[in-house]
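K.L.:
Taken in sequence, the protein lines are chains A and B. Here the first sequence is numbered in my numbering, starting from 1 and rising by one per residue. Here the second sequence is numbered in my numbering, starting from 1001 and rising by one per residue.
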Amino acid sequence: MNIVKNRFIYIGISAVIILLGIASMVFNAVQGKGAFNYDIQFTGGTSIQVDLGKAVTDDEISALVKDTMGEAPAQLQALEGTKKLIKTKSLDMETRNAVQKAIMDKYGVEEGSFTIQDVSGTISGEMKRNAILSVVVACICMLIYVSIRFKDFNTGASAVLALCHDALVVLGSYALFRIPLNNNFIAAILTVLGYSINATIVIFDRVRENRKSLGRNNFEPLINLSVKQTLTRSLFTSLTTFFTVASLYVFGVDSIKQFALPISVGVICGTYSSIFIAGNIWYMLSSAALNKKQNRSSKKK
Amino acid sequence: MKGKNVFILLLVLVITLGLVAVAAVGVGNVPSTTSSSDVQYELVTDENGELVTDESGQPQLKIAETTEPQSVEGETAAEGETATEGTTEARIGYGGYRNIKQGLDLKGGVYIVYEAEKDSVPTAQEMSAAISMLQQRVDYKGYFDAEVSQEGDKRIRVEIPGVEDAAAVVEEIGEAAHLTFRAMNDDGTPGDILVDGTNVSDADKAVQNDAIVVTLSFDTVGAAAFSDATTNNIGKQIGIYMDDMLISAPTVNSAITNGQAVITGSFTTEEAEDLAAKIRAGSLPFSLKALEYNAVGARLGADSLSTSVKAGAIGIVLVLLFMLLRYRLPGLLADIALVGYTSLNIVILSLTGISLTLPGVAGFILGIGMAVDANVIIFERIKEEINGGKSVKTAITNGFSKALSAILDGNITTLIACAVLLWLGTGPIKGFAQTLILSIIVSMFTALIVTRILLYAVANIGVKSPKLYGGK
Chain A
1 MNIVKNRFIY IGISAVIILL GIASMVFNAV QGKGAFNYDI QFTGGTSIQV DLGKAVTDDE
61 ISALVKDTMG EAPAQLQALE GTKKLIKTKS LDMETRNAVQ KAIMDKYGVE EGSFTIQDVS
121 GTISGEMKRN AILSVVVACI CMLIYVSIRF KDFNTGASAV LALCHDALVV LGSYALFRIP
181 LNNNFIAAIL TVLGYSINAT IVIFDRVREN RKSLGRNNFE PLINLSVKQT LTRSLFTSLT
241 TFFTVASLYV FGVDSIKQFA LPISVGVICG TYSSIFIAGN IWYMLSSAAL NKKQNRSSKK
301 K
Chain B
1001 MKGKNVFILL LVLVITLGLV AVAAVGVGNV PSTTSSSDVQ YELVTDENGE LVTDESGQPQ
1061 LKIAETTEPQ SVEGETAAEG ETATEGTTEA RIGYGGYRNI KQGLDLKGGV YIVYEAEKDS
1121 VPTAQEMSAA ISMLQQRVDY KGYFDAEVSQ EGDKRIRVEI PGVEDAAAVV EEIGEAAHLT
1181 FRAMNDDGTP GDILVDGTNV SDADKAVQND AIVVTLSFDT VGAAAFSDAT TNNIGKQIGI
1241 YMDDMLISAP TVNSAITNGQ AVITGSFTTE EAEDLAAKIR AGSLPFSLKA LEYNAVGARL
1301 GADSLSTSVK AGAIGIVLVL LFMLLRYRLP GLLADIALVG YTSLNIVILS LTGISLTLPG
1361 VAGFILGIGM AVDANVIIFE RIKEEINGGK SVKTAITNGF SKALSAILDG NITTLIACAV
1421 LLWLGTGPIK GFAQTLILSI IVSMFTALIV TRILLYAVAN IGVKSPKLYG GK
């Protein structure tokens, strides 16, 4: 298996997947649904989730909400079983209670069957900022740590570029599968980054070790051998992690599903990027740096 | 040699089983439920103070200690009973999974994030006054499990677990408290308002004649009113009320005309600080705006927990089976370590009081998948060494030492991601980060230390066929 030789194929596959994600963002945006399925934590608003205990049509609920607050809900969604999710603009306490009471009276459900959330614009603005900030800060910290530990900036840079790849793929999956973008998003994406860099480091750890026997600048065999040596580990760890995440997805409630799905995507793409992308980026960066150095020294002569 | 290793092996097994037992049952759990209202009953009644003048040369006023009016006690206790009924489960033991503190999204409840409406950043003292006021209010409503905490510079998070009639309660909590000094009727009920709380300019704890006291100062209007009040009520009690709740009832021993008063009594530092904060809260310099509101029905929370636990159990079984089938003997040992890891994680979670949130459960389960990673790295190394012709014992030693750098660097970078999450996340996400950090640290311990002890013990006992360790 020659990872380095086929590098453009692997990078091409990644590019196609990332472009697919971007395409679905654009497609959604053009259709007027928004690039992502933003949850109220990102847009501000009120969400009311209720288990009605019996089948009720969306239209009926919509009409009931409209009667109560004078406006149909911005979004109405049937969840698993007899659960409904109603999203509106941010409601004040009075209106919120009125809507809840109307539903309770009409369908005879209790308070315990409701999950109500209201997020103001201030919080949602911060949420967007925090999401971007957390990814950037995590990447910078990892870049510094890896560069120092491996005494090689290229190692840090390729590990972090592979992470950016993972972040883009996971972001794309949010657009493609219309996963609600809420505060779990930050947790999901950082978990994926933490998981993926772990796998990448195991490979670079081998490169660090193999440099002693194969020679410092013998880039192509270094990557091929190191990836080969760690391949079983990469696959098995992904598999065990995937077992647990997948069972969360299969058996979990909605909010856990929304969390487990992007992490499942992240586990797969993190494994892929560690095996096929990170090493190749390192190969290209290191080769380019070496060529530059050699050119400079030959010019001097 | 052999005997010693058998002993080590058995010891690790016994400790693991012990951990499993503790995690499953807990220590000191009693299978009954208690109402926490009795405890809080005290909190309301043990406040007593004396009013004396502050100025040197002025006669020190002697304070007659009073008991709280009966009606206030009764009311509060009754409130407490209704509010906590059926929602407070016994959590008196330690270490068991039932002793883990559950987040609001699992046990149901309400949280609200308030922000101080003020142009400048509020001072720490202003914030503590506001927090004290909110705590006071939820306590008064009978929600004794409620937690009020500061978030960032100007936000306060109020969490009330197990609340069903959330809307009614929440409405009142955020309103500004109204502090009043009132005359007290003979039967202990509040009488006319003498001084309004907005006229209190400051309240603080201080040390006077070796005793801890609470100092009070009034603005001009307040000083005049207080002067009248004390003049007319010498020998009587003046009640200090937060809304309708009596927080202190000192007896006036002489007229105080300069707007500077001191409440003495047998305060501890905390009690004095608490009373001062409550009085300050009556003159809160900002109002509170609700930024975020979240109510989870108790039934939905319970559903989330049970399905997640089921998912976790299935995930663990799959991982255990996989390790056993793939790695045979080391796999079995890793499984023992993994069971130990899961139990230890549960015990630590319940002892540290980290709130387990829904994302936290996911973090815990995800942690199991990642915990075996270190073992996989080590076992693959050992296999390589054995296939390279090393003896089993040398292979184990080399396997661990060569795998160490990868395991450490990999886990530290993951911890970096968690630290960022802990720093920028709020509420449930913080819980997720805490759980994942705990999982990573515990998993490194079990993989690097417990598995190693087990492997060496088994190898020393004489199980040396390379095949059992994955060799060809």
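Even for Gly, the Cβ is constructed at its ideal location relative to N, Cα and C.
Let me confirm a value: L1356/B is counted as buried when at least 16 other C-beta atoms fall within 10 Å, else exposed. Which label applies?
P.N.:
Working through the second sequence from its first residue, we reach residue 1356/B at position 356. The residue in question, L1356/B, is buried, as its Cβ has 16 or more Cβ neighbours within 10 Å.
K.L.:
What residues from chain A crowd round Y1469/B, counting only those whose CB sits closer than 8 Å?
P.N.:
In the second sequence, residue 1469/B corresponds to position 469, counting from 1. Those do not exist, as Y1469/B stays about 15 Å from chain A at its closest Cβ, beyond 8 Å.
K.L.:
For V1214/B, count the other beta carbons within 10 Å of its own beta carbon; 16 or more makes it buried, fewer makes it exposed. Which is it?
P.N.:
Numbered from its first residue, the second sequence carries residue 1214/B at position 214. Burial call: buried.
K.L.:
For D39/A, which option in K128/A, M25/A and M104/A has the closest C-alpha, if you only look at C-alpha atoms?
P.N.:
Taking the first residue of the first sequence as position 1, residue 39/A is located at position 39. Closest option to D39/A, Cα to Cα, is K128/A.
K.L.:
Say whether chain B places a C-beta atom closer than 9 Å to the C-beta of C269/A.
P.N.:
The residue you call residue 269/A lines up with position 269 of the first sequence. It does not; no Cβ of chain B falls within 9 Å.
K.L.:
For K83/A, write down the residues that DSSP places opposite it in a beta bridge.
P.N.:
Within the first sequence, residue 83/A is the residue found at index 83, counting from 1. The partner list for K83/A (beta bridge, DSSP) reads D51/A.
K.L.:
Just the chain E side, please: which residues come within less than 9 Å of P1466/B by C-beta, in chain order?
P.N.:
Within the model displayed, chain E is absent; protein chains A and B are what it includes.
K.L.:
What is the residue span of the alpha helix (DSSP H) that K1154/B lies within?
P.N.:
Stepping through the second sequence from its first residue, residue 1154/B is reached at position 154. Run containing K1154/B: none; DSSP gives neither H nor E here.
K.L.:
Look up P950/B in the DSSP assignment and give the residues it is bridged to.
P.N.:
With chain B represented from 1001 up to 1472, any question about residue 950/B goes unanswered, as that position is not in the structure.
K.L.:
I want to see whether chain B comes within less than 9 Å of M1/A, judged by CB atoms only; does it?
P.N.:
Taking the first sequence and counting its residues from 1, one reaches residue 1/A at position 1. Judged by the 9 Å Cβ criterion, M1/A is not in contact with chain B.
K.L.:
Could you check which residue in M25/A, Y283/A and A246/A has the C-alpha nearest to that of Q258/A?
P.N.:
By one-based count along the first sequence, residue 258/A stands at place 258. Selected option, being the one with the closest Cα: A246/A.
K.L.:
Rounded to whole angstroms, what's the CA-CA distance from P262/A to S196/A? Just pull it up for me.
P.N.:
Start at 1 with the first residue of the first sequence, and residue 262/A comes out as number 262. Start at 1 with the first residue of the first sequence, and residue 196/A comes out as number 196. When rounded, the distance between both Cα atoms is 13 Å.
K.L.:
Does A187/A get closer than 9 Å to chain B when you measure Cβ to Cβ?
P.N.:
By 1-based counting over the first sequence, the position of residue 187/A is 187. By this cut-off, A187/A is an interface position.
K.L.:
Going by DSSP in three states, K293/A sits in which element: helix, strand or coil?
P.N.:
Here residue 293/A is taken as the residue at index 293 of the first sequence, counted from 1. Looking at K293/A - three-state DSSP - the assignment turns out to be helix.
K.L.:
Using a C-beta to C-beta distance shorter than 7 Å, which residues of chain A count as neighbours of N1345/B?
P.N.:
As a first step, residue 1345/B is located in the second sequence; it is residue number 345 there, counting from the start. Chain A residues near N1345/B: none, gap ~14 Å exceeds 7 Å.
K.L.:
Are there 16 or more other CB atoms within 10 angstroms of the CB of A188/A, so buried, or fewer, so exposed?
P.N.:
As a first step, residue 188/A is located in the first sequence; it is residue number 188 there, counting from the start. A188/A is buried by the Cβ-count criterion.
K.L.:
Determine the direct distance from the alpha carbon of N1345/B to that of M1245/B, and round the result to whole angstroms.
P.N.:
Taking the first residue of the second sequence as 1, we reach residue 1245/B at position 245. Taking the first residue of the second sequence as 1, we reach residue 1345/B at position 345. If you take the alpha carbons of M1245/B and N1345/B, they lie about 43 Å apart.
K.L.:
Please report the straight-line C-alpha distance between K293/A and F153/A, rounded to a whole angstrom.
P.N.:
Stepping through the first sequence from its first residue, residue 293/A is reached at position 293. Stepping through the first sequence from its first residue, residue 153/A is reached at position 153. Looking at the two C-alpha atoms, the distance is approximately 15 Å.
K.L.:
Is there a C-beta anywhere in chain B that falls below 9 Å from the one on D152/A?
P.N.:
Locating residue 152/A in the first sequence gives position 152, where the first residue counts as 1. So no, D152/A is outside the interface.
K.L.:
Return the chain-ordered ranges of every alpha helix (DSSP H) run that is complete within the segment 1248 to 1323 of chain B and spans a minimum of 4 residues.
P.N.:
1269 to 1281
K.L.:
For chain B, check one thing: does any of its Cβ atoms lie closer than 9 Å to the Cβ of C164/A?
P.N.:
Residue numbering aside, residue 164/A sits at position 164 when the first sequence is read from its first letter. Judged by the 9 Å Cβ criterion, C164/A is not in contact with chain B.
K.L.:
Can you list the alpha helix (DSSP H) stretches of 4 or more residues lying completely in the segment 1176 to 1230 of chain B, in chain order?
P.N.:
As far as the segment 1176 to 1230 of chain B is concerned, it has no whole alpha helix (DSSP H) run of at least 4 residues.
K.L.:
Name, please, each residue of chain A whose Cβ falls closer than 8 Å to the Cβ of I1205/B.
P.N.:
Here residue 1205/B refers to the residue found at position 205 when the second sequence is read from its first residue. Before going on, a small fix: residue 1205/B reads as Lys here, not Ile. In chain order: nothing, as chain A lies at least about 34 Å away.
K.L.:
Could you run through the segment 1354 to 1380 of chain B and flag, in chain order, every residue whose CB is less than 7 Å away from some CB of chain A?
P.N.:
L1358, P1359, A1362, I1365, L1366, I1368, G1369, M1370, V1372, D1373, V1376, I1377 and E1380
K.L.:
If you scan the segment 164 to 249 of chain A from start to end, which runs of the alpha helix (DSSP H) of 4 or more residues do you find wholly inside it?
P.N.:
The qualifying runs are 184 to 214.
K.L.:
List, in order along the chain, the chain B residues whose C-beta lies closer than 7 Å to that of A138/A?
P.N.:
Within the first sequence, the letter at position 138 stands for residue 138/A. In chain order: I1416, A1417 and V1420.
K.L.:
Between G252/A and chain B, is any beta-carbon pair separated by less than 9 Å?
P.N.:
Residue mapping note: residue 252/A aligns to position 252 of the first sequence, counting from 1. Yes, G252/A lies at the interface with chain B (some Cβ there is under 9 Å from its Cβ).
K.L.:
Exposed or buried, F1400/B, counting other C-beta atoms within 10 Å across all chains shown (16 or more means buried)?
P.N.:
Residue numbering aside, residue 1400/B sits at position 400 when the second sequence is read from its first letter. By the 10 Å Cβ count, F1400/B comes out buried.
K.L.:
Scan the segment 83 to 122 of chain A and note each continuous alpha helix (DSSP H) run of 4 residues or more that stays entirely inside, going in chain order.
P.N.:
93 to 107
K.L.:
Who are the near neighbours of T1414/B in its chain, counting only those whose CB is closer than 7 Å to its CB and skipping five residues on each side?
P.N.:
The count along the second sequence starts at 1 and reaches residue 1414/B at position 414. So the list reads I1440, once near-sequence residues are dropped.
K.L.:
With a CB to CB cut of under 7 Å and the five nearest residues on each side skipped, what residues in its chain are close to Y1327/B?
P.N.:
Position 327 of the second sequence, counting from 1, holds the residue named residue 1327/B. For Y1327/B, where only same-chain residues beyond five positions count, the Cβ hits under 7 Å are A1334, F1379 and G1470.
K.L.:
Hey, how far is the Cα of A1153/B from the Cα of N182/A?
P.N.:
By 1-based counting over the second sequence, the position of residue 1153/B is 153. By 1-based counting over the first sequence, the position of residue 182/A is 182. The question names Ala, yet the displayed sequence has Asp at residue 1153/B. In a straight line, the C-alpha of D1153/B is about 23 Å away from that of N182/A.
K.L.:
When you compare the CB of G112/A with every CB in chain B, is at least one pair closer than 9 Å?
P.N.:
Within the first sequence, the letter at position 112 stands for residue 112/A. At least one chain B Cβ lies under 9 Å of G112/A.
K.L.:
Assuming N184/A contacts P1161/B under a Cβ cut-off of 8 Å, what Cβ separation, rounded to an integer in Å, is found between them?
P.N.:
Against the first sequence, residue 184/A aligns to sequence position 184. Against the second sequence, residue 1161/B aligns to sequence position 161. Contact flag wrong, Cβ pair sits at about 21 Å.
K.L.:
Report the neighbours of K1310/B on chain A: residues whose CB is nearer than 8 Å to its CB, in chain order.
P.N.:
One-based indexing of the second sequence puts residue 1310/B at position 310. Near K1310/B (Cβ distances below 8 Å), the residues of chain A are F251.
K.L.:
Output yes if chain A places a C-beta closer than 9 Å to the C-beta of L1291/B; else output no.
P.N.:
By 1-based counting over the second sequence, the position of residue 1291/B is 291. Answer yes: the Cβ-Cβ gap between L1291/B and chain A drops below 9 Å somewhere.
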